[in-house]
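This report refers to the structure that appears directly beneath it.
In UniProt numbering, the protein residues as written are 1 to 469.
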């Protein structure tokens with residue numbers, strides 16, 4: 001009775017226009033429920049594993065399956081070439097009061113580049129990169145790079161293997177601050193971490209053939225875990241890493257003990273539409289919390305107009321990556337601007353109002369430039385951008401993975417400054433076994449890079465729940 005009274009009071013407290021919208025939404029809801037009942041079909045629980053060959057030429061009869069140690073290296077010649085290119089940079093003058101609303105502000109860019117040219121020590125950062133063991137192995141014709149970090153041996157601790165996967169424009173280096181936290185025992189639980197580079201990113205060889213998408217990356221990473229001797233393991237990912245690890249859980253759910261994500265791409269459909277119609281007025285009726293409402297609405301401003309402002313790169317990389325790649329693969333300053341602008345706005349959209357883009361609020365220039373140098377020294381920016389075209393060249397909603405639900409235990413860390421918020425009720429449309437969903441207190445898109453302690457805490461809490469169940 002109390003809830004009915006709340007509904008009554010809320011309805012009659014709305015304006016005439018809002019009441020009309022709510023009534024229309026209710027009518028849509030009723031029709032949608034009937035359609036859902038009539039047309040609901042049993043969906044498959046897995047997607048095909050398949051096979052592939054992405055190397056040069058025809059597929060070989062056999063493939064070297066050995067795992068080889070690898071070290072990041074540099075040379076005086078490589079650094080001299082970088083300096084020569086930096087010294088020849090031609091800058092454009094920024095607009096007065098442009099800040100970061102037009103992209104990377106060239107006044108601040110000059111300061112970053114000056115630090116890069118005169119203070120940043122690449123040889124020192126190479127030593128930092130080599131702090132953890134690196135390896136390469138050949139899978140489907142490609143040299144796949146990964147780091148493999150084992151925890152210190154201790155009695156009475158449970159060692160759980162986990163693969164963590166980066167996205168764009170990140171790299172395996174994003175995880176260097178969280179690795180010590182994951183490999184330190186907590187209540188008798190500790191992780192053995194495998195962190196690969198997506199093929200075409202950094203030190204992983206790029207595909208020589210068209211069509212290398214998240215499904216191909218997922219299959220290669222499953223083969224990597226099998227080659228390392230892991231029959232069951234956990235997964236964690238954000239950005240492209242969230243899609244790749246989700247695909248891994250769809251291909252071989254029997255191998256995935258748990259899937260933890262800090263970015264979620266939910267299906268759009270009737271339930272989401274209903275949430276948008278009713279959510280601002282009666283959120284509890286459509287499974288939204290007050291925090292969901294705060295993060296979601298006004299919907300068009302936060303999820304449509306903001307995305308249009310921030311997705312120019314997305315359309316370029318999903319259509320003509322090689323054209324844009326010509327410029328940023330040749331100019332180190334152009335590359336830095338292209339990449340580092342994302343670490344500004346994706347950490348917090350409010351950073352666009354700042355002259356320096358707020359870059360050094362969450363990151364050090366050494367860390368940011370190390371990530372840039374991974375792309376620069378490997379010449380991998382163009383191949384990394386192609387990943388957008390390979391995944392978005394056709395309608396994602398028609399792909400088998402987007403039509404297939406995920407049944408492995410799943411945890412979500414919802415960071416407040418992530419580009420698009422996905423409520424738990426939306427995530428449940430695809431992820432059918434959500435064990436934990438956490439509204440994180442701070443942080444943006446690059447969770448492990450920005451807030452390693454928060455992400456590690458949430459990951460441990462999720463895994464403990466799964467292990468106890």
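Even glycine gets a Cβ: it sits at the ideal position worked out from N, Cα and C.
Cα-Cα separation, residue i to residue j
i: residue 396; j: residue 266; result: 12 Å
i: residue 211; j: residue 281; result: 44 Å
i: residue 131; j: residue 44; result: 43 Å
i: residue 416; j: residue 122; result: 33 Å
i: residue 139; j: residue 451; result: 33 Å
i: residue 475; j: residue 381; result: Look at the range of the chain in this structure, 1 to 469, and you will see that residue 475 is not part of it.
i: residue 245; j: residue 93; result: 42 Å
i: residue 371; j: residue 360; result: 14 Å
i: residue 448; j: residue 436; result: 18 Å
i: residue 534; j: residue 58; result: It is not possible to answer for residue 534, since the shown part of the chain is limited to 1 through 469.
i: residue 126; j: residue 89; result: 25 Å
i: residue 190; j: residue 143; result: 29 Å
i: residue 96; j: residue 354; result: 13 Å
i: residue 468; j: residue 230; result: 21 Å
i: residue 511; j: residue 69; result: Here the chain covers residues 1 to 469 and nothing more, so residue 511 does not appear.
i: residue 289; j: residue 178; result: 30 Å
i: residue 351; j: residue 366; result: 20 Å
i: residue 35; j: residue 466; result: Confidence in residue 35 is poor, its pLDDT being 42 and thus under 50, which makes the residue's placement too unreliable to answer from.
i: residue 261; j: residue 99; result: 32 Å
i: residue 62; j: residue 52; result: 13 Å
i: residue 37; j: residue 292; result: Residue placement at residue 37 is flagged as unreliable, the pLDDT there being 38, under the threshold of 50; a coordinate-derived value is accordingly withheld.
i: residue 297; j: residue 268; result: 16 Å
i: residue 317; j: residue 385; result: 5 Å
i: residue 315; j: residue 346; result: 17 Å
i: residue 110; j: residue 369; result: 14 Å
i: residue 173; j: residue 398; result: 33 Å
i: residue 78; j: residue 443; result: 35 Å
i: residue 462; j: residue 434; result: 10 Å
i: residue 295; j: residue 264; result: 14 Å
i: residue 439; j: residue 76; result: 47 Å
i: residue 277; j: residue 343; result: 33 Å
i: residue 141; j: residue 226; result: 17 Å
i: residue 321; j: residue 336; result: 17 Å
i: residue 112; j: residue 391; result: 33 Å
i: residue 162; j: residue 84; result: 41 Å
First through last residue of the alpha helix (DSSP H) which encompasses residue i
i: residue 282; result: Here residue 282 belongs to no alpha helix (DSSP H), and DSSP marks it neither H nor E.
i: residue 125; result: 122 to 129
i: residue 95; result: Here residue 95 belongs to no alpha helix (DSSP H), and DSSP marks it neither H nor E.
i: residue 241; result: 240 to 251
i: residue 292; result: 290 to 296
i: residue 369; result: 365 to 378
i: residue 107; result: 106 to 118
i: residue 345; result: 332 to 345
i: residue 420; result: Unbroken run through residue 420: none, as it is neither H nor E.
i: residue 466; result: 452 to 468
i: residue 388; result: 381 to 392
i: residue 225; result: 214 to 227
i: residue 45; result: Run containing residue 45: none; DSSP gives neither H nor E here.
Bridge partner(s) assigned by DSSP for residue i
i: residue 186; result: 189
i: residue 413; result: 438
i: residue 138; result: 143
i: residue 68; result: 136
i: residue 304; result: According to DSSP, residue 304 bridges with nothing at all.
i: residue 158; result: 189
i: residue 196; result: 146
i: residue 236; result: 164, 260
i: residue 86; result: Looking at the DSSP assignment, residue 86 forms no beta bridge with any residue, so it has no partner.
i: residue 178; result: Residue 178 pairs with nothing; no bridge assigned.
i: residue 406; result: 431
Short Cβ contact (9 Å threshold) for residue i with residue j
i: residue 221; j: residue 193; result: no
i: residue 234; j: residue 160; result: yes
i: residue 118; j: residue 135; result: no
i: residue 209; j: residue 425; result: no
i: residue 441; j: residue 251; result: no
i: residue 238; j: residue 423; result: no
i: residue 348; j: residue 334; result: no
i: residue 387; j: residue 200; result: yes
i: residue 164; j: residue 241; result: yes
i: residue 214; j: residue 166; result: no
i: residue 202; j: residue 313; result: no
i: residue 470; j: residue 407; result: Absent from the structure is residue 470, since the part of the chain shown begins at 1 and ends at 469.
i: residue 185; j: residue 150; result: no
For residue i, the first and last residue of its enclosing beta strand (DSSP E)
i: residue 445; result: It is not in any beta strand (DSSP E) - residue 445 carries neither H nor E in the DSSP assignment.
i: residue 101; result: That residue, residue 101, is in no beta strand (DSSP E); it is neither H nor E in DSSP.
Rounded Cβ spacing between residue i and residue j (contact assumed at less than 8 Å)
i: residue 255; j: residue 232; result: 6 Å
i: residue 414; j: residue 421; result: 7 Å
Short CB-CB distance (under 9 Å) between residue i and chain D
i: residue 198; result: Although the question refers to chain D, the structure presented lacks it and comprises just one protein chain.
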